[in-house]
Structure formats: structure tokens, C-alpha cells
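For the sequence shown, full-length UniProt numbering assigns the number 1 to the initial residue and increments by one for each residue that follows. All C-beta atoms in this analysis are idealised placements derived from N, C-alpha and C, irrespective of residue type, glycine included. From a predicted model like this one, the values you see are computed outputs, not experimental measurements. Okay, structure first, notes after.
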Amino acid sequence: MTSASRLVIMRHGEAGPGRVDAARALTSRGEREASRMGAWLANDYRHTLLALYASPFVRAQQTATLVGQALGQPVRTLEGITPDDDPQAVCDWLLEQQEGCIVLVSHMPLVGMLTGRLVEGARSPGVGFATAAVAELDGDVWAAGCARLVRFTEPSMLG
Numbered sequence: 001m002t003s004a005s006r007l008v009i010m011r012h013g014e015a016g017p018g019r020v021d022a023a024r025a026l027t028s029r030g031e032r033e034a035s036r037m038g039a040w041l042a043n044d045y046r047h048t049l050l051a052l053y054a055s056p057f058v059r060a061q062q063t064a065t066l067v068g069q070a071l072g073q074p075v076r077t078l079e080g081i082t083p084d085d086d087p088q089a090v091c092d093w094l095l096e097q098q099e100g101c102i103v104l105v106s107h108m109p110l111v112g113m114l115t116g117r118l119v120e121g122a123r124s125p126g127v128g129f130a131t132a133a134v135a136e137l138d139g140d141v142w143a144a145g146c147a148r149l150v151r152f153t154e155p156s157m158l159g
């Protein structure tokens, strides 16, 4: 991995209820949140070589598609970033990646636990993410306690 790589961790937009969690889709508000955050991310990352990954769950795929349209990037599905996956397994996966900037679109509690693990080094609930919130991290190595939180942004913060 190159020095000072960037990791963007994003929670999916607001989703409606559903019996099957993996099939829950974005609400119209969730679509607006994802589009707004995608446009916001495009200001900083449109011309950056990056890789965009999303959980296989419908709401994450929908969010990532809207973000990908703004960034001009295709969405890759990553099985190991669903709500109850292990943040340490994601850290191990990140260590193997060569991209300079990775965007992960996933779910609570994973996004909070992963951010907390990378920044604080602790196994904890970590950071609370509103829907479509984004944590931007810098790091030389994606290991516990080795990342720096650069910016945390929620759709409501954009005015």
C-alpha cells in the first residue's frame, strides 16, 4: 500500500422496513441522501483513482450506485461488509488491497466498529453513523489504531 492512503467509509442511505434485511431498499429520502453525498464526494474524489465497494444488501448497492454515478466509478460487491461482519476481517482484507483510495458502502454496526477499530484501536461500538454519513480516514497501514480520522460528514451538515 502506498503511503497515506485514503479510506472512505459510508453508511447506506435511509432504508424502508422489510422482513428480509438484505432486501430492504432505500426510501426516497435515502436516495436523496445518497445522491447528495455522492455529489459532495465527487468534489474531492472525482479525479482520484479509487475503488468503490458495497455490501451485497440492496440498500448498500443502491447507495453505492448513486455515489458511483457521481464519481464516475463502477460498484464492486464485497461480501464481507454486511452489518454483522467482523471489522478485523475487513482490516485484514484492506491490508491486501493496492488501491490508493477505497470507498466502502456498508451498514451499522460494521461501519462504526470498523472506524473505531482503525482509528482508536479498540473493539467497541465505535462511531455512530447517521444514514449516508461518511468517515474519511488516512493511514499508512490499515491496522488497529493506525488510521487518522480526517473528516466526518453527514447529509444534514451540507446545508
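Exercise. If you pair each beta-carbon of the stretch 53 to 60 with each one of the stretch 103 to 110, do three or more pairs fall below 8 Å?
Worked result: yes
In whole angstroms, give me the CA-to-CA distance for glycine 128 and threonine 115.
10 Å
Suppose you measure from the CA of arginine 6 to the CA of glutamate 96; what does that come to, to the nearest Å? 14 Å
**Report entry** Three-state secondary structure (DSSP) of methionine 157
**Finding:** helix
Query raised in the report: Is the distance from the Cβ of leucine 66 to the Cβ of glutamate 120 below 8 Å?
Result: The answer is no: Cβ separation not under 8 Å.
If threonine 131 and glutamate 33 are in contact, beta carbons under 8 Å, what's the gap, nearest whole angstrom?
Contact between threonine 131 and glutamate 33 holds, since their C-beta atoms are separated by about 6 Å, short of 8 Å.
- Message: Less than 8 Å between the beta carbons of leucine 26 and alanine 15, yes or no?
- Response: yes
Going by DSSP, what residue range makes up the alpha helix (DSSP H) through serine 28? 28 to 45
### Query
Hey, out of Leu137, Ser55, Val150 and Ala51, whose CA is closest to alanine 23's CA?
Ser55
Short check: CB of methionine 37 to CB of proline 155, under 8 Å? yes
Relative to the C-alpha of glycine 139, which candidate in Arg19, Cys101, Gln69 and Ala64 has its C-alpha closest? Of the candidates Arg19, Cys101, Gln69 and Ala64, the one whose C-alpha sits nearest the C-alpha of glycine 139 is Cys101.
Taking the continuous beta strand (DSSP E) assigned at aspartate 92, which residues delimit it?
Not the beta strand (DSSP E): aspartate 92 falls in the alpha helix (DSSP H), residues 87 to 95.
In whole angstroms, what is the alpha-carbon distance linking aspartate 21 and arginine 76? In a straight line, the C-alpha of aspartate 21 is about 20 Å away from that of arginine 76.
Please classify alanine 144: does DSSP put it in a helix, a strand, or coil? coil
Secondary structure of arginine 59, DSSP reduced to three states: Arginine 59: helix per DSSP, three-state reduction.
Same chain only: Cβ atoms within 7 Å of alanine 135, ignoring 5 sequence neighbours per side | Ile9, Thr115, Val127, Leu149 and Phe152
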